[in-house]
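Asker:
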Amino acid sequence: MKGNFGKTIKTLRKEKGIRQADLGKVLNVANNTVSSWERGNSEPSLEQLKIIAKYFEVSTDYILDIED
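The structure is reproduced here in structure tokens:
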């Protein structure tokens with residue numbers, strides 16, 4: 012996943028007013044995992060990506076910055 016994935020996740024998280032640890036609990040991962048995603052050092056699995064999209068009520072295309 013290239014592009015703005017980490018920035019998008021961070022923005023969505025802050026707009027929802029939750030901490031990295033809160034998102035980590037939703038996904039059953041450590042807060043440092045969420046931090047790593049936001050910094051672009053690692054990526055979530057496809058299953059986690061779907062859960063993230065559902066949690067934030069956005070499409071996976073939006074999270075991945077895919078445009079038509």
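So the sequence shown is numbered by my numbering: it starts at 12 and just counts up by one.
Beta carbons are placed, not taken as given, at the ideal position from N, Cα and C, and that holds for glycine.
I'd like the list of long-range same chain contacts for R50, defined as Cβ closer than 7 angstroms, with 5 residues on each side in sequence excluded.
Answerer: Cβ neighbours of R50 beyond the five flanking positions: G17.
Asker: Could you check if R24 is buried or exposed, using at least 16 other CB atoms within 10 Å of its CB as the buried criterion?
Answerer: With 16 or more Cβ atoms within 10 Å of its Cβ, R24 is classed as buried.
Asker: Alpha carbon to alpha carbon, what distance is there between D72 and G28?
Answerer: One C-alpha to the other measures close to 22 angstroms.
Asker: Using a Cβ-Cβ cutoff of less than 7 angstroms, which residues in the same chain neighbour V45 once the five nearest sequence positions on both sides are dropped?
Answerer: Q31, L34, G35
Asker: L60: buried (16+ other C-beta within 10 angstroms of its C-beta) or exposed?
Answerer: buried
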